[in-house]
Each structure stands twice: as C-alpha cells, then as structure tokens.
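Peer 1:
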Amino acid sequence: MKKEVKSQRLQSLDVLRGFDMFFIMGGGALFAGLATCCPIPFFQAIARQMEHVPWHGVAFEDMIFPLFLFIAGISFPYSLEKQKACGMSSAAIYRKVIRRGLVLVLLGCIYNGLLDFDFAHLRYASVLGRIGLSWMFAALLFLNVRTRVRMGVVALLFIGYWALLACFPAPDGNGDPFSMEGSLVGYVDRMFLPGQLYLGIHDPEGLLGIIPAVGTASLGMLTGEWIKREGLPELRKVVLLACAGVVLVVAGWIWDLVFPINKNLWTSSFACLVGGISMLLFALFYYLIDVRHCHRWTLFFRVIGMNSITIYLAQRFIDFDYTGRSLFGGLASLFPESFQPLILALAYIAVCWGFLYLLYRQRIFLKV
C-alpha cells in the first residue's frame with residue numbers, strides 16, 4: 004500500500020534555478036546593454052563578468068553551468084525520498100536515474116544538430132550531456148555509498164583528477180599539462196570522442212571533465228541531504244552550509260596556485276570555487292525563501308526555474324529574437340542608438356518569459 008507523500012519541494016531551489024537560467028535567457032545581454040547606454044565603471048565591470056574567460060581564470064558567466072549542475076544535485080535527495088515513499092523499487096529507481104542521464108545526452112545531441120543526420124560533423128559533447136552523465140554517476144554514488152564515504156570520494160575525485168592532468172600531459176602537446184594544446188583532457192577527446200570538437204582540438208564538455216563534474220553534482224547532493232536533515236534548527240543549517248561554502252571558495256583559490264582555475268578543463272580548483280559559491284548562493288536563497296518566507300519577489304525567477312530545460316531547448320529552435328524585434332523594434336528605434344541594445348535585450352527577455360509564463364499558467368512543465 005502506497006502511503007501519502009507530503010510535498011517537501013524547496014521553493015528556493017526553483018527560484019535559484021530561475022536566477023541561474025535568467026542569464027542564459029538574455030541576462031548577459033541585458034547587462035551588456037546597460038554598460039553600452041550607461042558606460043560607467045560599475046556597469047562595465049558587471050558586463051565583463053557576462054563573458055567567459057578564454058582559458059585560466061573565472062567570471063560569473065563561467066558559474067552558470069556548474070551552478071545548474073549543483074542545483075540538480077540538491078534536488079535528488081528530495082526526489083529519491085518521494086520515489087521511495089510512492090513505492091518505487093530499487094530497480095525502478097536505478098532505471099529512472101540511468102534513463103534520465105541518457106535522455107539528457109540525447110537532448111544535448113539534438114540541440115547540437117543530431118536531426119541534420121550529419122554524424123561526421125556532429126558535436127556529440129554538450130552541456131546537457133555533461134549534466135546528464137555527471138548527475139547520473141553522482142546519483143548512482145548517492146544510492147550506494149554512505150554520506151561520509153561520499154565526501155571522501157569527492158575529495159579523491161578532485162585530487163585524482165589533479166594528479167592525472169599534472170602527471171600525464173598530452174603526448175602530442177606542448178608540454179604544458181594545463182594548456183589547451185597540452186592537456187590530457189583535449190588529447191582524450193581527440194582520440195576517443197567522435198565528430199566535431201567545440202574548440203577544434205578540445206571540447207569543454209568532453210569526456211575526462213566528467214570526473215570532477217561528478218564531484219560538483221555530489222556537492223549538490225550533499226547539500227540537499229544536509230538541508231533535508233531533521234532535528235537541526237534551520238538557521239544552524241544555513242550558517243554551517245555557508246561556512247562550508249567559504250571553506251570551498253578558499254580551497255579553490257589556494258589550489259589555483261598549482262592547479263589553475265579553469266572552466267574548460269573543469270579543474271578541481273574551479274570545482275571547489277564554484278561549488279563553494281553555489282553553496283553560498285543556495286544558503287542565501289534558502290534562508291530568504293524557505294526560512295524567512297520572503298516570497299513576493301520570486302515569481303519572475305520561479306517561472307523560469309520550473310521550466311529551465313524547456314527554455315534552454317526552446318532558444319535553440321524558436322526565434323525569440325525575431326519576435327522581440329518584431330514587437331519592440333519600432334519602440335527601440337525611437338531611442339538613441341546607445342540605448343537600443345538594452346531595449347532589445349529587455350524585449351528578448353520579455354518574450355521568453357511570456358512564453359514560459361503561459362506554460363506556467365497551464366501547469367505545463369518539461370521534466371526529464
């Protein structure tokens with residue numbers, strides 16, 4: 004007999020996911036437009052954070068992808084508890100985890116042009132593929148390994164990845180194990196990843212980077228497990244989570260001295276840094292929304308966060324930019340040229356959000 008399941012959905016998780024996806028949905032262009040129409044140092048500094056760092060280093064734009072993976076990790080302990088309470092067998096749970104991971108890989112290939120049937124030039128690696136495989140392996144680890152052991156496994160993944168890259172540079176490279184040309188990451192992709200690599204000799208979502216990305220997803224799952232824990236005051240959970248975030252941020256910056264922070268390689272220093280920042284962001288959102296119950300400002304981000312995969316895929320197949328220019332291009336032309344990028348960025352965001360709001364009102368959510 005199935006028992007009734009009480010919903011434990013974290014509203015802060017949907018809002019944080021929406022905040023993260025907002026920058027995929029035109030938020031970066033919005034701040035770039037602000038810097039164009041109002042070129043003061045503050046806005047220009049923010050606009051620079053909306054661009055990926057070419058190689059070593061980190062900007063806010065480099066945070067978006069790992070934050071999403073971290074959030075996907077947080078939700079797993081909650082969904083797992085719900086599945087068990089609904090009477091799902093262990094075999095069914097395993098099948099669901101593996102199916103979700105492989106479906107995301109498939110969606111990533113479709114996003115990259117699988118339906119063009121040009122398999123020789125298809126890019127098989129993808130953001131969705133990295134999320135799917137990393138989350139899947141982290142979930143399998145969660146299902147089979149106790150919490151403290153998992154913490155050790157995450158540490159071993161990060162340290163082992165560092166040792167692997169440092170000790171085994173690419174045989175055909177330039178001798179620098181942390182460069183694009185010399186890293187083992189690019190070499191493995193050139194040897195074993197079919198189709199096209201995003202950067203020609205290297206793919207930022209390639210094969211070896213799955214190792215530390217499993218650690219990123221696992222940090223999210225550890226966070227979800229901690230927040231779910233009963234018997235502790237909510238404020239204590241938030242404070243200790245924030246402390247763990249600070250420790251990871253400091254560890255990432257210190258590790259950068261010998262293992263550069265690099266999103267393309269998903270280095271262990273990068274994983275620690277963005278994992279720590281992700282913990283701090285989630286602690287803030289959780290405190291404001293689920294502890295203090297400050298909900299009035301959340302609708303905008305919640306609408307995005309509850310259909311995050313939808314808007315990611317929709318931007319690939321629906322020309323929101325055309326719709327935005329058709330509806331607001333005339334209005335934009337009435338303003339000085341320096342203001343037009345800002346207005347068109349707002350138009351793009353408005354059209355995307357309106358599309359998601361219609362789905363939200365109809366309770367239509369794409370779940371994988």
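Per this note's numbering, residue 4 is the first one in the sequence shown, and the count goes up by one each step.
Just so it is clear, CB atoms sit at the ideal spot from N, CA and C, and this is done for glycine as well.
Predicted model only: the values in this text are computed from it and were never measured.
How is Gly198 classed by DSSP in three states: helix, strand or coil?
Peer 2: Here Gly198 sits in strand by DSSP.
Peer 1: Mind checking Ile43: buried by the 16 CB within 10 Å criterion, or exposed?
Peer 2: With fewer than 16 Cβ atoms within 10 Å of its Cβ, Ile43 is classed as exposed.
Peer 1: Where do the N-terminal and C-terminal ends of the alpha helix (DSSP H) with Met282 fall, by residue?
Peer 2: It spans Ser271 to Tyr289 - the alpha helix (DSSP H) in which Met282 sits, taken as one unbroken run.
Peer 1: Mark Met194 as exposed unless 16 or more other C-beta atoms lie within 10 angstroms of its C-beta, in which case mark it buried.
Peer 2: Flag for Met194 reads exposed.
Peer 1: Give me, in chain order, the residues of the same chain whose beta-carbon lies closer than 7 Å to that of Lys6; leave out the 5 immediate sequence neighbours on both sides.
Peer 2: Interpretation of Lys6 is limited by its pLDDT of 43, a score under 50 that renders its predicted location unreliable; the figure taken from the coordinates is listed afterwards. Within the same chain, Lys6 has close Cβ partners Ala88.
Peer 1: For Lys231, which residues from the same chain have a beta carbon less than 6 Å from its beta carbon, with the 5 sequence-adjacent residues on both sides left out?
Peer 2: Cβ neighbours of Lys231 beyond the five flanking positions: Pro80.
Peer 1: Where Leu19 and Leu291 are concerned, what is the direct C-alpha to C-alpha distance, given to the nearest angstrom?
Peer 2: If you take the alpha carbons of Leu19 and Leu291, they lie about 11 Å apart.
Peer 1: For Leu359, which of Asp206, Met28 and Gly189 has the nearest alpha-carbon?
Peer 2: Closest option to Leu359, Cα to Cα, is Met28.
Peer 1: Answer yes or no: does any C-beta atom of chain B fall closer than 8 Å to that of Gly76?
Peer 2: Of the chains in the structure shown, none is chain B; there is only one protein chain.
Peer 1: Is Val306 near Gly31, with beta carbons less than 8 Å apart?
Peer 2: No.
Peer 1: Report back the beta-carbon spacing between Phe285 and Ile134 to the nearest angstrom; my notes put them in contact at under 8 Å.
Peer 2: With 8 Å as the limit, Phe285 and Ile134 do not qualify as a contact, their Cβ atoms being about 17 Å apart.
Peer 1: Looking only at its own chain, which residues have a Cβ that is under 6 Å from the Cβ of Leu244, when we skip the five neighbours before and after it?
Peer 2: Closer than 6 Å at the Cβ level, and outside the excluded window around Leu244, lie Met282 and Ala286.
Peer 1: Are the beta-carbon atoms belonging to Gly178 and Gly189 less than 8 Å from one another?
Peer 2: Contact flag unset, no.
Peer 1: Let me know the secondary structure DSSP gives Gly185 once reduced to three states.
Peer 2: Gly185: coil per DSSP, three-state reduction.
Peer 1: Quick check: the Cα distance between Phe425 and Leu33, rounded to an integer number of angstroms?
Peer 2: Since the first residue shown for the chain is 4 and the last is 371, residue 425 is missing from the structure and cannot be characterised.
Peer 1: For Ala142, which of Gly218, Trp269 and Tyr114 has the nearest alpha-carbon?
Peer 2: Nearest C-alpha to Ala142: Gly218.
Peer 1: Applying the criterion that 16 or more other CB atoms from any shown protein chain within 10 Å of the CB defines a buried residue, is Glu208 buried or exposed?
Peer 2: Label assigned to Glu208: buried.
Peer 1: Could you say which of Ile74, Asn115 and Phe140 lies nearest to Val100 if we only look at CA atoms?
Peer 2: For Val100, the nearest C-alpha among the options comes from Phe140.
Peer 1: Could you tell me if His296 is buried or exposed, where buried requires 16 or more neighbouring beta carbons within 10 angstroms of its beta carbon?
Peer 2: Exposed, by the Cβ-count rule.
Peer 1: Check this for me: beta carbons of Leu238 and Leu211, under 8 Å apart or not?
Peer 2: For Leu238 and Leu211, no; Cβs fall outside 8 Å.
Peer 1: Decide if Lys370 is buried, meaning its Cβ has at least 16 other Cβ atoms within 10 Å, or exposed.
Peer 2: So Lys370 counts as exposed.
Peer 1: Is the beta carbon of Leu70 less than 8 Å from the beta carbon of Asp17?
Peer 2: Against a cut-off of 8 Å, the Cβ pair of Asp17 and Leu70 comes out as no contact.
Peer 1: Can you tell me whether Ser93 is buried or exposed, with buried defined as 16 or more other CB within 10 angstroms of its CB?
Peer 2: It counts as exposed.
Peer 1: For Val261, does the count of other Cβ atoms within 10 angstroms reach 16, so buried, or fall short, so exposed?
Peer 2: So Val261 ends up on the exposed side.
Peer 1: Residues in its own chain within less than 7 Å of Glu233 by CB, not counting five upstream and five downstream?
Peer 2: Correct list: empty, nothing qualifies.
Peer 1: Give every residue of the same chain whose Cβ lies closer than 7 Å to the Cβ of Tyr164, excluding the five residues on either side of it in the sequence, and list them in chain order.
Peer 2: Here the set comprises Ile214, Pro215 and Ser271.
Peer 1: Which residues share a DSSP beta bridge with Gly104?
Peer 2: In the DSSP output, where bridge partners are listed per residue, Gly104 has none listed.
Peer 1: Alpha carbons only, please: which of Ala62, Trp58 and Cys275 is nearest the one belonging to Ile49?
Peer 2: Answer by Cα proximity: Ala62.
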